[in-house]
Amino acid sequence: MQIGQDITLDGEKFALAELLNVGEIEPLLTSFCEAVGVASAIIDLEGRVLIAANWQPLCTEFHRVTERSRRRCIESDTQLALELRKGEKFARYRCKNGLVDCASPIVVGGQHLANLFIGQFLLAPPDRDFFRTRALELGFESESYLAALERVPVIPEEKLSSILRYLCELAKTIATISRERLVSRRRVQGVQRVLKMLAGPWAQLTGREFHLAVCRYISEELTLEYVFVGELTANGRAVRVLAGWGGGAEMPAMVYDLWETPCADVMTQGICVFRERIRELFPRDRLLSEMGVESYAGVVLRDKRQQPMGIMVAMGAAPLAADHPVNTLLPVFVEQVSAEIQRGRAQEALRAQSEELQRRNEELSRLNVVMAHHFQEPSRRLVTFASQLRGQGGAVAAGKNRRVLEFIEQQSIYLNRLVRDIQRYLGIGADYSLAKVLDSRLVLERVLGRMAAAIKEAKAEVLLPDPLPPVRFYEEYLEMIFTILIDNALTYRRTDRPLRLEIRAGMAGDRARFRCRDNGRGVAEEYRRQVFELFSRLGGNSADLPGTGVGLAIVRKAVGVTGGSVTIEDGIEGGVEVAFDLPAAGGGID
Numbered sequence: 003m004q005i006g007q008d009i010t011l012d013g014e015k016f017a018l019a020e021l022l023n024v025g026e027i028e029p030l031l032t033s034f035c036e037a038v039g040v041a042s043a044i045i046d047l048e049g050r051v052l053i054a055a056n057w058q059p060l061c062t063e064f065h066r067v068t069e070r071s072r073r074r075c076i077e078s079d080t081q082l083a084l085e086l087r088k089g090e091k092f093a094r095y096r097c098k099n100g101l102v103d104c105a106s107p108i109v110v111g112g113q114h115l116a117n118l119f120i121g122q123f124l125l126a127p128p129d130r131d132f133f134r135t136r137a138l139e140l141g142f143e144s145e146s147y148l149a150a151l152e153r154v155p156v157i158p159e160e161k162l163s164s165i166l167r168y169l170c171e172l173a174k175t176i177a178t179i180s181r182e183r184l185v186s187r188r189r190v191q192g193v194q195r196v197l198k199m200l201a202g203p204w205a206q207l208t209g210r211e212f213h214l215a216v217c218r219y220i221s222e223e224l225t226l227e228y229v230f231v232g233e234l235t236a237n238g239r240a241v242r243v244l245a246g247w248g249g250g251a252e253m254p255a256m257v258y259d260l261w262e263t264p265c266a267d268v269m270t271q272g273i274c275v276f277r278e279r280i281r282e283l284f285p286r287d288r289l290l291s292e293m294g295v296e297s298y299a300g301v302v303l304r305d306k307r308q309q310p311m312g313i314m315v316a317m318g319a320a321p322l323a324a325d326h327p328v329n330t331l332l333p334v335f336v337e338q339v340s341a342e343i344q345r346g347r348a349q350e351a352l353r354a355q356s357e358e359l360q361r362r363n364e365e366l367s368r369l370n371v372v373m374a375h376h377f378q379e380p381s382r383r384l385v386t387f388a389s390q391l392r393g394q395g396g397a398v399a400a401g402k403n404r405r406v407l408e409f410i411e412q413q414s415i416y417l418n419r420l421v422r423d424i425q426r427y428l429g430i431g432a433d434y435s436l437a438k439v440l441d442s443r444l445v446l447e448r449v450l451g452r453m454a455a456a457i458k459e460a461k462a463e464v465l466l467p468d469p470l471p472p473v474r475f476y477e478e479y480l481e482m483i484f485t486i487l488i489d490n491a492l493t494y495r496r497t498d499r500p501l502r503l504e505i506r507a508g509m510a511g512d513r514a515r516f517r518c519r520d521n522g523r524g525v526a527e528e529y530r531r532q533v534f535e536l537f538s539r540l541g542g543n544s545a546d547l548p549g550t551g552v553g554l555a556i557v558r559k560a561v562g563v564t565g566g567s568v569t570i571e572d573g574i575e576g577g578v579e580v581a582f583d584l585p586a587a588g589g590g591i592d
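Quick note: the sequence shown uses this note's numbering, first residue 3, plus one each step.
See below:
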């Protein structure tokens, strides 16, 4: 059996045995031969046997053994093939070795590839004298040759016609199987090429460039005039073309209504293929007429919730063949094209959010400037005027009036501090280019120097390790954090014992973890998250209470710009510990 022959079909090279799928066809031939009682074979146009089934010993042990008799067999096979090349559905021939053979052509993709033979039978009982003479002529042992002859089936003429009809249908079936294998192979190759493109040249493309590359590839690969990717508009009634390839060039941007178009069917059915007469089926679709298309294929694009969000369409100027791979190739792109549309949507949403955030930050910056002048200036004037009135003495500053003036002055000072702290809170931003490596101990010592008088007045003991780890941070923010935490420790110290304050730090991966511990009043566990909120003070929001309720919110926001966190734990003897982390000198902001 010679099955290694290569053929060229539609410009592609195939192994003929692979195309014919010997493994599937051989059992089919064997069953047919056993049922009818004849031999069968598939023989290529050069006379080579590709598949043989139920062959007679007269042929396998005699006729195809010696050179002279085998040449006669090949001449017979070739003569049958010549008859079939004239376009006949089948041919019948009596071979030169005395047996009858019939054949029907196997045509795949319009190309005559091989022939399906049945034969090695007789139409009437054999003439033993004729075959004895033939055995002597060819040098065969007569008795063995005639014994093999007895096994050759005799097929009556009236029965042969039905066998020949079946032969023709079987040849068509084999051709259909081969054609399907050809189509399947091409589809697999097409998908493999697409996957290779997606992982290779297209991997770096995004947005319109990616969609355009996909559309052009489909158009050229499938020989279709128009291919485009579109996105549903917000109301879901129209499609906005994101990119397309048509007539050998990029298609212009456009928006079209879905009403009475094949695209509307795609949106409800998922995938639609109209192989011909698309303009007759959708006469109200003006674009189909303008483009002059005859065939149409479309597949819906869905988002992560499996809701329709777009469409991919391919259209041709000619009808599509039944085995055209458009309905196989289009779905291959669905996942990637859908993901790219969703990525574009997410990017657009992020851009819009970024613009909105920038707008709000600009508003906050303007508010900060306004507060610096329009809020602080009136409070300073109130303090000044109240102090002047109290300094005048007499009835103006006596008795109840004095208490009123003191209240005005106290509230004005509180308002001034509150505005200052809000300014500090709003002024915190994340621009890492302004961060630098800081010696955290030097920064802390500078803060302690400025607060030395308050620390001395409180008779507080401050314990510092040596050294503290350097950090990469904003110097202004680090000073502000230390100032707020030390001021809180002084403000909320206990009156029955001296204040003890410990400031320590250590490394936790690429971040420095600071701990400020004291033996003050402490914070109950149920309030430890609340105190980081704006204007949150234990005991209410009265101006009589110390602080503004903004300090720890400032600490949390300042630490947060680096991706850090702030927590409150138990301190010394019922006091409080505030822990926060910052990027170490060799690290960065997450």
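Each residue gets a CB set at the ideal place from its N, CA and C atoms; glycine is no exception.
Excluding the 5 residues preceding and the 5 following residue i in the sequence, name in chain order all residues of the same chain whose CB lies nearer than 8 Å to its CB.
i      : result
Met509 : Pro471, Arg515 and Ala586
Glu26  : Ile179
Ile611 : Residue 611 is absent from the model: the chain starts at 3 and stops at 592.
Arg66  : Arg72 and Cys75
Phe276 : Pro264, Leu283, Ser297, Tyr298 and Ala299
Arg448 : Glu481
Just mark residue i as buried or exposed, buried being the case when its beta carbon has 16 or more other beta carbons within 10 Å.
i      : result
Gly524 : buried
Arg593 : Outside the shown range of the chain, which is 3 to 592, sits residue 593, and nothing can be said about it.
Thr225 : exposed
Gly542 : Note that Gly542 has pLDDT 47, beneath the 50 cutoff, so the model's placement of it is unreliable and the number below is only indicative. When all chains shown are included, Gly542 counts as exposed.
Lys467 : One detail in the question is off: residue 467 reads as Pro in this sequence, not Lys. Exposed, because fewer than 16 other Cβ atoms sit within 10 Å of the Cβ of Pro467.
Gly202 : exposed
Arg353 : exposed
Glu442 : Residue 442 is actually Ser in this sequence, not Glu. It counts as buried.
Met256 : exposed
Leu444 : exposed
Asn237 : exposed
Thr485 : buried
Gly249 : exposed
Asp423 : buried
Looking only at its chain, what residues have a beta carbon closer than 7 Å to the beta carbon of residue i, apart from the 5 residues adjacent to it on each side?
i      : result
Arg130 : Leu148
Gly294 : Ala319
Arg530 : Ile570
Gly577 : Arg519, Asp520, Asn521, Gly522 and Gly524
Tyr258 : Ala240, Val241 and Leu289
Thr68  : Leu140 and Gly141
Just how far apart, CA to CA, sit residue i and residue j?
i      : j      : result
Ser544 : Asp498 : Reliability of the predicted coordinates at Ser544 is poor, the pLDDT of 47 falling under 50, and the value obtained from them is presented with this limitation in mind. The straight-line gap from Cα to Cα measures roughly 25 Å.
Glu46  : Ala150 : The amino acid at residue 46 is misidentified as Glu; the sequence shows Asp. Asp46 and Ala150: Cα-Cα distance of roughly 27 Å.
Arg495 : Phe582 : 21 Å
Asp1   : Leu82  : Look at the range of the chain in this structure, 3 to 592, and you will see that residue 1 is not part of it.
Ile5   : Val51  : Its pLDDT being 37, under 50, Ile5 is placed unreliably in this model, and the value from its coordinates should be taken loosely. If I take the Cα positions, the gap works out to 8 Å.
Leu440 : Ile556 : 20 Å
Arg281 : Arg362 : 52 Å
Arg506 : Ile410 : 41 Å
Glu160 : Ala137 : 30 Å
Glu278 : Val268 : 16 Å
Leu84  : Glu48  : 11 Å
Glu222 : Ala348 : 31 Å
Glu227 : Thr330 : 18 Å
Glu527 : Val533 : 11 Å
Glu296 : Arg286 : 15 Å
Met482 : Thr386 : 28 Å
Pro128 : Pro155 : 10 Å
Asn418 : Leu536 : 16 Å
Val421 : Gln309 : 50 Å
Please return the same chain residues whose Cβ sits closer than 6 Å to the Cβ of residue i, not counting the five positions on each side in sequence.
i      : result
Ser106 : Phe92, Leu118, Leu169, Cys170 and Ala173
Leu487 : Cys518 and Val580
Ile120 : Val40, Ser42, Cys104 and Leu169
Contact the region 349-364 vs the region 254-269: 3+ CB pairs below 8 Å: no
Meets three-Cβ-pair contact criterion under 8 Å: the region 451-459 and the region 417-433: Touching, no, given that fewer than three Cβ pairs across the two stretches are closer than 8 Å.
Alpha helix (DSSP H) runs wholly inside the region 456-537, at least 4 long, in chain order: 477-493
contact_flag[the region 335-351, the region 305-321] where n(CB pairs < 8 Å) is 3 or more: Contact holds: three or more Cβ-Cβ distances are below 8 Å.
Every unbroken alpha helix (DSSP H) within the region 77-155, with a cutoff of 4 residues, ordered by chain: The region 77-155 contains these whole alpha helix (DSSP H) runs: 130-140 and 144-151.
Cβ contact check for the region 202-212 and the region 311-329: 3 or more pairs under 8 Å: no
The region 211-221 touching the region 237-251, judged by at least three CB pairs closer than 8 Å: yes
4-residue-minimum alpha helix (DSSP H) runs that sit fully inside the region 260-303, ordered along the chain: Fully enclosed alpha helix (DSSP H) runs of no fewer than 4 residues occupy 264-271, 280-283 and 288-293 of the region 260-303, in order along the chain.
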